[in-house]
Amino acid sequence: MTSLVRLQVVEEEEGGAFLRVGDLAREVGKTVRAMHLYEELGLLKPAARSKGGFRLYREEAVVRVRWIGKLQDMGFSLQQISEILHGWEESKSAPRAMCRVSEIYGEKLKETQDQISRLAALERELVKSLGYLDTCGTCDPVRLISSCCCCDVHEGDEGQPDLVAGLHRH
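At the far end of the sequence shown sits residue 166, using this note's numbering, and the numbering has no gaps.
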């Protein structure tokens, strides 16, 4: 229970330690409404209810909600996460279940790598554009913006970066 030191743990008569839904939500940085939504979608199940009707969760719920959050960070929708979890729980074969999760994660890795490549290209374009625009401060302040499309400061350069060239009327 070391990771949950700052949580209020409720001892129930059945002998188990439980977290109230609000404590779980605070621990994982989510709202109580999100916890209820996860329950509605079958992603999270309370272990019990208090005498007052509060949802109570075991420590494993922290791991589950953090897993959901990581999958959301990777771009999975709650519906997709539900399908992954349903497939896992319905699988009769551990190797088959692990293989399916491995396939899903492999596809997401490829998508992530492709996105990183696209973002790296955008980064290079932004750096190039900022370098180009840095020299614009040396221009005569009375020059009209229409003269920027054929800037003599950049003569001999390979041309305007796309992010600059797109500003001009063509």
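Yeah, the Cβ is synthetic: ideal placement off N, Cα and C, and Gly gets one too.
**Asked** Is the distance from the Cβ of ARG51 to the Cβ of VAL24 below 9 Å?
**Response** Mapped onto the sequence shown, residue 51 falls at position 55. Mapped onto the sequence shown, residue 24 falls at position 28. No, the pair does not count as a contact, with Cβ atoms beyond the cut-off.
**Request:** Answer yes if the region 64 to 81 comes into contact with the region 32 to 43, meaning at least three C-beta pairs across the two stretches below 8 Å, and no otherwise.
**Result:** A contact exists between the region 32 to 43 and the region 64 to 81.
**Prompt:** From PHE14, GLU86 and VAL28, pick the residue whose C-alpha is nearest to that of ARG54; which is it?
**Reply:** Position 58 of the sequence shown, counting from 1, holds the residue named residue 54. ARG54 has its Cα closest to that of PHE14, out of PHE14, GLU86 and VAL28.
**Prompt:** So LEU159 and GLU119 are in contact, right, with Cβ under 8 Å, and what is the actual spacing, rounded?
**Reply:** For the purposes of this step, residue 159 is taken as the residue at position 163 of the sequence shown. For the purposes of this step, residue 119 is taken as the residue at position 123 of the sequence shown. Not a contact, Cβ separation roughly 12 Å.
**Item:** Under the three-state DSSP convention, the category ARG51 falls into
**Value:** Counting from 1 along the sequence shown, the entry for residue 51 is found at position 55. Of the three classes helix, strand and coil, the one that applies to ARG51 here is strand, per DSSP.
**Item:** Residues bridged to LEU40 (per DSSP)
**Value:** Counting from 1 along the sequence shown, the entry for residue 40 is found at position 44. Within the DSSP secondary-structure output, LEU40 pairs in no beta bridge.
**Request:** Could you check what DSSP says for LEU67 in three-state terms: helix, strand or coil?
**Result:** Counted from its first residue, the sequence shown places residue 67 at position 71. The answer is helix: DSSP assigns LEU67 an H, G or I state.
**Message:** With the cut-off set at 9 Å, would you say CYS144 and LEU163 are in Cβ contact?
**Reply:** In the sequence shown, the residue the question calls residue 144 occupies position 148. In the sequence shown, the residue the question calls residue 163 occupies position 167. Taking C-beta atoms as the reference points, CYS144 and LEU163 count as a pair closer than 9 Å.
**Pairwise C-alpha distance: ILE80 and ASP190** = Beyond the ends of the chain as shown, which are -3 and 166, falls residue 190; an answer cannot be given.
**Message:** According to DSSP, is LEU33 part of a helix, a strand, or is it coil?
**Reply:** Within the sequence shown, the letter at position 37 stands for residue 33. Judged by DSSP in its simplified three-state form, LEU33 adopts helix.
**Item:** Spatial neighbours of ILE64 in its chain, beta-carbon cut-off 7 Å, leaving aside the 5 residues before and after
**Value:** The residue you call residue 64 lines up with position 68 of the sequence shown. Residues of the same chain with a CB within less than 7 Å of the CB of ILE64, apart from the 5 flanking positions on each side, are TYR34, LEU39 and ILE77 in chain order.
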